Amino acid sequence: MGIRKGFIVLPFLAALLGVLAACLPKPDEPVEYLQQPDSITIQVRVVDLAASDLEQRLTVPEFTLYGDGTLIYTTERAPSRLLQTKLPDDAVRELLEFIVDAGFLNFSYRQPEPDWRDRRPTTYIYAHTLALANAVSAYAVDTNLPANAGDEWDQFRALREIAERLRAIDPVALGGSKPVEFVPEAIVLQVRSFGEPPYEGDPDFVSANEINLAEIVPLGSAPTEHLVEGQLAGELWGNFGAVSNGHVPPVVSPIEQGDRNFLIRFLPILPYEENFPEFDIQ
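Sequential numbering from 16 applies to the sequence shown in this note's numbering.
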């Protein structure tokens, strides 16, 4: 596992679209996928492109479905929690068939952008079958289009239906296990020290005696990323990281140790992040 990387679109997708289009399953054929725990079958990431580069990089995927049926996700009812469940093979295949039948594997990466007055996030969706993989980005995918919007918006409409289907998933109704809180085996701490609070008012300091922050960020040091693994990672995440959100950066926790003050972001490392799709986020 490595620290989260930047995002660039998978280079082989364009070639696959042309070479493997003929290999797409027929309507009466089941969709096959790589049933391995380290393969990424479906992923959704929501990014605010107006945020800083750091905030974009720290965005946690809101939906990651692995080939063995493991699902790590957030829900519409509790967007501040990362949950984990296990879906049976037929449920994974049903989701993939819904995406394939919508034509997703042939969609353009860049979709037309609705004229939305307020700032909206961009949704990135990835799906991978044995025949083909594709990644698509859509700005303000939850937008209600005008009634006179033309055929050029058909893919956008389908993406909105896909996003809504995935966000409303009920694992138990699909035969999956009861969701539990996701506990990462590793987290990245982004730590910096400060003298005066970088915001109005006094921060509500919390305690983090489990780790020596002065060793991570000596006096005069620049902000530092620090990898924590094992039991300590789970403990820190349970104490602080659960307030993070699937589509915004984790909340910054002000922490006081000794005579120094620190600001920390807690970023979970999801399983097999090295295999995650890399989106062209710009």
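For each residue, glycine too, the CB sits at the ideal point set by N, CA and C. Model, not experiment: these values are computed from the prediction.
- Contact check for Tyr48 and Thr144: beta-carbon distance about 5 Å, within the 8 Å limit, so the pair qualifies.
- Secondary structure of Leu204 (DSSP, three-state): strand.
- When secondary structure is reduced to three states using DSSP, Ala229 falls in the helix class.
- For secondary structure counted as the beta strand (DSSP E) over 3 or more consecutive residues, the segment 77-148 holds these complete runs in sequence order: 78-81, 85-88, 98-101, 137-143.
- Secondary structure of Asn224 (DSSP, three-state): coil.
- C-alpha of Glu167 to C-alpha of Pro127: approximately 8 Å in a straight line.
- Closest by C-alpha distance to Phe119, out of Gln170, Gln99, Leu160, is Gln170.
- In the three-state DSSP reduction, Phe171 falls in the helix class (H, G or I).
- The DSSP-derived three-state label of Asn159 is coil.
- Assigned with DSSP and collapsed to three states, Glu293 falls in coil, not helix or strand.
- Shown here, Ile279 sits in a strand according to DSSP, grouped into three states.
- Between Val206 and Pro238 a beta carbon distance of about 7 Å is seen, short of the 8 Å cut, so the two are scored as contacting.
- When secondary structure is reduced to three states using DSSP, Leu242 falls in the strand class.
- Glu288 carries a helical assignment under DSSP once its states are collapsed to helix, strand and coil.
- For Thr74, no beta strand (DSSP E) encloses it, and the DSSP letter there is neither H nor E.
- For Ile184, the secondary structure class from DSSP, reduced to helix, strand or coil, is coil.
- Contact between the segment 190-208 and the segment 145-164 is absent, with fewer than three C-beta pairs closer than 8 Å.
- For the 8 Å CB-CB criterion, Val107 and Gly84 form a contact.
- Ranking Leu285, Asn149, Glu293, Asn276 by CA distance to the CA of Gly249 puts Leu285 first.
- Asp68 and Glu112 have their C-alpha atoms some 35 Å from each other.
- According to the DSSP assignment, Ser268 belongs to the beta strand (DSSP E) that extends over 268-272.
- Take the alpha-carbon of Thr137 and the one of Thr56: they are about 20 Å apart.
- About 5 Å separates the Cβ atoms of Gly191 and Thr100, confirming a contact at the 8 Å cut-off.
- When secondary structure is reduced to three states using DSSP, Glu47 falls in the coil class, being assigned neither helix nor strand.
- Beta-bridge partners assigned by DSSP to Phe209: Asn276.
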